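Below is one structure, written out as structure tokens; comments come after it.
Numbering (my numbering), first residue to last: 852 to 999.
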């Protein structure tokens, strides 16, 4: 699809204002009478060497007040620490150790099927939900360092 220079500038302006591809598609149809499929709009944006702005993450803002509330309540900062083994345990793609906020430790591993396993030293021990969330967050960061 060939657009005039004015139309190209308008598409760039919409994207700079934070418009999504579907919004660009609708505006092209309404303002210029150009009907394109979503894929065509996507290719058009790529051809014009433009990028769609990512929306601001809302979860980080929602998580901050919750963290402040627990600190105000006297719970103190939660400390979950993980490490990656230099020598991976047999049957695992990657493995390591975790220490939860209450001092309990466990071995974690990721098997060939992508399943996460957690082997605690104390039989029947179950970490708190907050510790599990923090463990998963830190594990995601560590796995990204190793290309997972």
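We treat Cβ as the ideally placed atom computed from N, Cα and C, and that holds for glycine. Since the structure is predicted, the reported quantities are computational estimates derived from the model, not experimental observations.
Where the beta strand (DSSP E) containing residue i begins and where it ends
i, result
"residue 879", "Segment 872-883 is the alpha helix (DSSP H) holding residue 879; no beta strand (DSSP E) there."
"residue 969", "967-971"
"residue 931", "Run containing residue 931: none; DSSP gives neither H nor E here."
Residues near residue i by beta carbon distance below 7 Å, same chain, minus five either side
i, result
"residue 989", "931, 933"
"residue 944", "961, 962, 963"
"residue 893", "872"
"residue 984", "none"
"residue 952", "929, 930, 931, 982"
Exposure label - residue i; buried when at least 16 CB within 10 Å
i, result
"residue 982", "buried"
"residue 957", "buried"
"residue 995", "exposed"
"residue 967", "exposed"
"residue 860", "exposed"
"residue 978", "buried"
"residue 999", "exposed"
For residue i, three-class secondary structure by DSSP
i, result
"residue 860", "helix"
"residue 944", "strand"
"residue 924", "In this predicted model, residue 924 has a pLDDT of only 40, less than 50, meaning its place in the structure is not dependable; the value taken from the coordinates is given anyway. Reduced to three states, the DSSP call for residue 924 is coil."
"residue 866", "helix"
Limits of the unbroken alpha helix (DSSP H) element including residue i
i, result
"residue 896", "889-898"
Residues near residue i by beta carbon distance below 8 Å, same chain, minus five either side
i, result
"residue 946", "935, 936, 939, 940, 958, 959, 960, 961"
"residue 862", "854, 875, 879, 895, 896, 899, 901"
"residue 973", "955"
Any C-beta of chain D under 8 Å from that of residue i
i, result
"residue 935", "Considering every chain present, this structure includes no chain D. It has just one protein chain."
### Query
In chain order, which alpha helix (DSSP H) runs of at least 4 residues are fully inside the region 950-999?
980-996
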